[in-house]
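Chemist:
Number of protein chains: 2
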Amino acid sequence: MGQSQLDNLLLDKLPQPYRDSFFSRLEEVLLPAGTVLYEAEEIPRYAWFITSGLASKMVSTSDGRTAEIGVWGREGVVPCIYLLGGKALCPWRCIVQMEMKALRMPFPELQREFQLSEPLRHLILRCVQRRSMILSQIAACNRLHDAEERLARWLLTAQDLTGTTSISLSQGFLADILGARRTTVTLAAGALRRLKLISYRRGRIQILDHEKLKAAACECYGTVRGLFQNFYA
Amino acid sequence: MGQSQLDNLLLDKLPQPYRDSFFSRLEEVLLPAGTVLYEAEEIPRYAWFITSGLASKMVSTSDGRTAEIGVWGREGVVPCIYLLGGKALCPWRCIVQMEMKALRMPFPELQREFQLSEPLRHLILRCVQRRSMILSQIAACNRLHDAEERLARWLLTAQDLTGTTSISLSQGFLADILGARRTTVTLAAGALRRLKLISYRRGRIQILDHEKLKAAACECYGTVRGLFQNFYA
DNA sequence: CCGTTTCTGTTCGATAGCGAACATAAAAAT
DNA sequence: ATTTTTATGTTCGCTATCGAACAGAAACGG
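Protein chains in written order, with this note's numbering: chain P, 3 to 235; chain V, 3 to 235.
#1: Give the residues from the stretch 74–88 of chain V that approach chain P closer than 7 Å (Cβ to any Cβ), ordered along the chain.
#2: With DSSP collapsed to three states, give me the class of V:K59.
#3: For P:T164, count neighbouring C-beta atoms within 10 Å of its own C-beta (all shown protein chains included) and say buried if the count is 16 or more, exposed if not.
#4: Taking P:V38 and P:R95 to be in contact with their CB atoms under 8 Å, please state how far apart those CB atoms are, rounded to whole angstroms.
#5: Would you say P:W156 lies against chain V (beta-carbon separation less than 9 Å)?
#6: Between V:K15 and chain P, is there a C-beta pair that is closer than 9 Å?
#7: Near P:C129, which residues of its chain fall below 7 Å by C-beta distance, leaving aside the five closest residues on each side in sequence?
#8: Establish whether the CB of P:C311 and some CB of chain V are separated by less than 9 Å.
#9: Which residues share a DSSP beta bridge with V:K103?
#10: So for P:A218, helix, strand or coil by DSSP?
#11: Using C-beta distances below 7 Å, list every residue in its chain close to V:L199, excluding the 5 sequence neighbours before and after it, in chain order.
#12: Which two residues bound the contiguous alpha helix (DSSP H) that contains V:R196?
#13: Enumerate in chain order the residues of its own chain whose CB-to-CB distance from P:L197 is below 8 Å, with the five nearest sequence positions on each side excluded.
#14: Would you call the stretch 110–118 of chain P and the stretch 60–76 of chain P in contact, with 3 or more CB pairs under 8 Å?
#15: Can you give the Cα-Cα distance for P:P17 and P:F25, rounded to whole angstroms?
#16: Would you identify the three-state DSSP class for V:L210, choosing helix, strand or coil?
#17: Any C-beta of chain V sitting closer than 9 Å to the C-beta of P:R132?
#18: Consider the Cβ of P:T68: report whether some Cβ of chain V lies at a distance smaller than 9 Å.
#19: Using a Cβ-Cβ cutoff of less than 8 Å, which residues in the same chain neighbour P:T225 once the five nearest sequence positions on both sides are dropped?
#20: Please list, in chain order, the chain P residues whose beta carbon lies closer than 9 Å to that of V:I238.
#21: Output the distance between the C-alpha atoms of V:H147 and P:L33, rounded to the nearest integer angstrom.
#22: Alpha carbon to alpha carbon, how far is P:T167 from V:G181? Give it in angstroms, no decimals.
#23: Output the boundary residues of the alpha helix (DSSP H) element that contains V:T159.
#24: May I have the straight-line CA-CA distance separating V:E43 from V:P108, to the nearest angstrom?
#25: For a cutoff of 9 Å on Cβ pairs, would you count V:C220 as touching chain P?
#26: Quick one: which chain V residues come within Cβ less than 7 Å of P:S64?
#27: Exposed or buried, what is V:Q131 when buried is set at 16 or more other beta-carbons lying within 10 Å of its beta-carbon?
#28: Quick check: P:Y20 and P:L122, are their CB atoms within less than 9 Å of each other?
#29: Just curious, the beta strand (DSSP E) that V:L39 is in, first and last residue?
#30: Mapping the DSSP letters down to three states, classify P:A49 as helix, strand or coil.
#31: Taking beta-carbon pairs under 9 Å, can you tell me which members of the stretch 27–41 of chain V lie near chain P?
#32: Flag this pair as yes or no: are the beta carbons of P:I169 and P:M100 separated by less than 9 Å?
#33: Less than 8 Å between the CB atoms is what I'm expecting for P:V98 and P:A35, so what's the real figure, rounded?
#34: Taking the alpha-carbon positions, what's the P:G4 to P:D22 distance?
#35: Since V:G1 contacts V:L171 with CB under 8 Å, what's their CB separation in whole angstroms?
#36: Does DSSP put P:C77 in a helix, in a strand, or in coil?
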């Protein structure tokens, strides 16, 4: 409390003195990659305000294939969609992709707060809105663009969200994210490496040339980046 | 006014007497297939409460390919996402796919009403929530399932939303919706026809066997159907 | 009625990605 | 140091889909 930078864009936007009192009710946690924040069809026990790292929303099919439908960094609160009420349950699970620091609050407590605080509600609705726009673009991207373009897009977005050029993820996990086979990711990553846009070793990808990688990515990267910027404008 | 069935689920859920007064401010319109409700990156001039027919949100890429990211029937209001405020613009256009009847209101008027009426706001937030859940499933489906499965899913959903087994759409438009080539749709439709699940002639598809078509569709149909049911529960 | 447009059927070569298998190599565990 | 686990590299046959072309058929508009 009293600190001027909480490293979460939503929390930062809360007006004082509400922000300090809200902050005092949050608990800081460090979650390793692989932690499941909540399962599909299951109301989360906590809400997390991410301050570093990444989490993904993943949809699975009954045959075990998966696709990421959204990646979350410091810009908002996860989950936001359940705050809109109702009985419907979400068809995705939420999982930590890169070691994550977050400030958490029991979910029912945030639900009450959503009803009580108009500034908080306002920010959360903006968050829902932006996420929905981003998701729309990704939905089309999943259909229209090939693995190499989507890999480039994902890496660039991950860099933007975490502020690091070093992405700690194996090709197997990237395959789950991109909804492709691991061998497809290996081939796509190999192609990007030959072009000297990235380098990698066992579970760690390094972005070497942001600009050229952008050219290798589909246009969805730019669209999504635009939507992540000025998240609460 | 005074009628108990407006054929739009959101309007039907509005409490009286607000509902009658709200209804009196709506204008009924009949829009032919192909009508653009609003363009990408453009704030709509009207909000439409659909009472029959279908509209699609479509994302386009710069090379002219397209994919549908959501289909809208009688269950809510289009657009709902812009009601959450903010400066961001949506990357999709909204187009009438099957001749549509709707009750419309100038969009700024609905924006004011969204601020003023708590029951209306409540319903709209539910609408946003469900649409977001549905979109998530479609985003994964676009990546993981093949054209024949997706075609079957789309036809079944269209049947559910419009209540008719006769879908007036050419294979070319279905290709735009499914994000595939027209020839791919022709092959997929031909396969479903050979299985006697559908029949068709020039711009009109007939669903012959709902149950078996369900078996030919991916599981996403069931998931999405579940989310369309009890839309405001 | 005839010409024009639009929709469907079909073919064909090219390509991306699947699905499975197996080899190698790097890290982690003991 | 040795074993075990996990990640990456590579190959291969197969399928779905692309992208383009062209023909026939159905609807439409004078």
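Just so it is clear, CB atoms sit at the ideal spot from N, CA and C, and this is done for glycine as well.
What you are looking at is a predicted structure, and each value in this text was computed from that prediction instead of being measured.
Modeler: According to the structure data:
#1: Those would be I83, L86, G87, G88, in chain order.
#2: DSSP, reduced to helix, strand and coil, places V:K59 within a strand of the structure shown.
#3: Burial call: buried.
#4: P:R95 and P:V38 do touch by the CB rule: their CB atoms are close to 6 Å apart, below 8 Å.
#5: Using a CB distance cut-off of 9 Å, P:W156 does not count as an interface residue toward chain V.
#6: It does not; no Cβ of chain P falls within 9 Å.
#7: Closer than 7 Å at Cβ, skipping near neighbours: L12, G78, V79, C82.
#8: Nothing can be reported for residue 311 of chain P: it is not among the residues displayed for chain P, which extend from 3 to 235.
#9: Residue pairing of V:K103 in beta bridges, as defined by DSSP: V:L32, V:S54.
#10: When secondary structure is reduced to three states using DSSP, P:A218 falls in the helix class.
#11: Result list for V:L199: L210, D211, K214, L215, A218, in chain order.
#12: DSSP places V:R196 inside the alpha helix (DSSP H), whose first and last residues are 184–196.
#13: Closer than 8 Å at the Cβ level, and outside the excluded window around P:L197, lie K214, A218.
#14: When Cβ pairs closer than 8 Å are counted between the two stretches, the stretch 110–118 of chain P is seen not to touch the stretch 60–76 of chain P, the count staying below three.
#15: Distance from the CA atom of P:P17 to the CA atom of P:F25, rounded to whole angstroms, is 12 Å.
#16: Taken through DSSP and simplified to helix, strand or coil, V:L210 comes out as coil.
#17: Cβ-Cβ to chain V under 9 Å: yes for P:R132.
#18: Judged by the 9 Å Cβ criterion, P:T68 is in contact with chain V.
#19: Excluding residues up to 5 positions away in sequence, Q139 lie with their Cβ nearer than 8 Å to the Cβ of P:T225 in the same chain.
#20: No answer is possible for residue 238 of chain V: the residues shown for chain V start at 3 and end at 235.
#21: Each residue's Cα considered, the two are about 33 Å apart.
#22: Here the C-alpha atom of V:G181 lies approximately 33 Å from the C-alpha atom of P:T167.
#23: Residue range 149–164 is occupied by the alpha helix (DSSP H) that includes V:T159.
#24: So the two alpha carbons sit approximately 18 Å from each other.
#25: Judged by the 9 Å Cβ criterion, V:C220 is in contact with chain P.
#26: Those are E221, listed as they occur along chain V.
#27: Under a 10 Å Cβ-count criterion, V:Q131 is classified as buried, with 16 or more other Cβ atoms of the shown protein chains found around its own Cβ.
#28: For P:Y20 and P:L122, yes; Cβs fall inside 9 Å.
#29: First-last of the beta strand (DSSP E) with V:L39: 38–40.
#30: The answer is strand: DSSP assigns P:A49 an E or B state.
#31: The stretch 27–41 of chain V vs chain P, Cβ under 9 Å: nothing.
#32: Using a Cβ distance threshold of 9 Å, P:I169 and P:M100 count as a contacting pair.
#33: Going by Cβ atoms, the distance from P:V98 to P:A35 rounds to 5 Å, so yes, they are a contact pair.
#34: Summary for P:G4: the model assigns pLDDT 41, below 50, so the residue's position carries little reliability, and this model does not support an answer.
#35: The structure shown does not extend to residue 1 of chain V, since chain V is modelled only from 3 through 235, so no value can be given for it.
#36: For the sequence presented, residue 77 of chain P should be read as Glu rather than Cys. In the structure shown, P:E77 falls within a coil segment according to DSSP collapsed to helix, strand and coil.
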